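Below is one structure, written out as structure tokens, with a few remarks after it.
Numbering (this note's numbering), first residue to last: 559 to 811.
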């Protein structure tokens with residue numbers, strides 16, 4: 559786990575692990591526009607949270623046919639069986655070059671952080687949005703993620719990136735080391751979720767006092783963003799690409 563000074567009052571924490579085991583205010587789900595679950599991080603979060611999460615997602619009002627959360631926007635639900643208060647659902651873009659995709663990825667991070675601040679949270683944890691089957695280059699995604707985190711930190715005391723894939727983690731560490739000052743890692747009250755690089759690495763905790771609910775889902779056939787390969791089933795991407803922009807050739811990781 560590495561920590562960096564993001565703003566005078568906000569610490570950025572980078573760690574490898576399983577985001578479903580992270581303890582804090584909210585985790586961000588790399589969702590799809592239907593918000594009905596999928597593969598990758600989305601599927602893992604739904605499985606860990608329990609079936610109530612799918613029902614809560616179904617209750618989010620659609621804004622168009624098959625769209626509850628447009629790409630670049632964010633919604634929130636309770637977290638049910640997860641050790642956090644909320645799940646913030648956001649939809650990242652399928653990578654189609656920086657000019658098309660960067661504004662949408664920026665918006666996904668910005669919307670999520672603004673929502674976390676609106677919910678008066680002290681801590682939030684992100685996966686690497688769009689860095690899985692959506693094919694976003696890791697270094698470009700890391701640059702956007704850290705820039706927007708710095709701009710939109712607000713009242714948050716800790717912003718965590720819980721990254722399952724080592725290559726993604728290395729890209730985020732490289733970007734942080736080049737742009738931010740190192741800081742002392744936060745003192746967590748409960749480090750029971752820590753593990754030293756297991757086959758499925760576990761995340762450390764942040765502010766266990768914020769913990770509350772969690773949830774699960776087996777609905778959508780669309781694969782949500784996520785990184786490679788947190789319990790991912792690659793075949794689920796096919797339906798996703800029919801519903802949104804055509805998948806670039808490099809989106810299959």
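In this text, a Cβ means the ideal position worked out from N, Cα and C, and glycines have one as well. Keep in mind it's a predicted model, so treat the numbers as computed, not measured.
Please name the residue, chosen from 744, 727, 622, that lies closest to residue 687 on a Cα-to-Cα basis.
727
Residue 699 and residue 719 closer than 8 angstroms at C-beta:
no
Whole angstroms are fine: how far does the CA of residue 661 sit from the CA of residue 738?
22 angstroms
Can you check DSSP and say which residues form a bridge with residue 573?
720
Over what stretch of residues does the alpha helix (DSSP H) that includes residue 601 continue unbroken?
598 to 607 is the extent of the alpha helix (DSSP H) around residue 601.
Own chain partners of residue 710 with C-beta closer than 7 angstroms, once the 5 adjacent residues on each side are dropped:
668, 671, 672
Below 8 angstroms between beta carbons: does that hold for residue 569 and residue 563?
yes
Less than 8 angstroms between C-beta atoms, sequence neighbours within five positions excluded: which residues of the same chain meet that for residue 625?
Excluding residues within five positions, the ones whose Cβ falls inside 8 angstroms are 591, 592.
Taking C-alpha atoms, which residue in 745, 587, 729, 724 lies nearest to residue 650?
587
Roughly how many whole angstroms lie between the Cα atoms of residue 790 and residue 715?
Bear in mind that a pLDDT of 41 at residue 790, under 50, signals an unreliable position, so the number given afterwards is only what the model happens to contain. If I take the Cα positions, the gap works out to 31 angstroms.
Does the Cβ-Cβ distance between residue 666 and residue 646 come in under 8 angstroms?
no
Assuming contact is defined by CB atoms lying nearer than 8 angstroms, are residue 594 and residue 615 in contact in what I supplied?
yes
Cβ pair residue 724, residue 623 closer than 8 angstroms
no
With DSSP collapsed to three states, give me the class of residue 671.
Secondary structure of residue 671 (DSSP, three-state): helix.
Following the continuous beta strand (DSSP E) through residue 588, name the residue where it begins and the one where it ends.
582 to 588
Terminal residues of the continuous alpha helix (DSSP H) containing residue 704?
696 to 709
Just to confirm my understanding: we take residue 565, look at its own chain, exclude 5 residues before and 5 after, and list those with CB closer than 6 angstroms. What are they?
711
Among 722, 601, 707, which has the Cα closest to the Cα of residue 685?
Relative to the Cα of residue 685, the nearest Cα in the group 722, 601, 707 belongs to 722.
Contacting residues, own chain, Cβ-Cβ under 7 angstroms from residue 664 (five flanking each side not counted)
702, 706
To the nearest whole angstrom, what separates the beta carbons of residue 634 and residue 677, a pair I think is in contact under 8 angstroms?
7 angstroms
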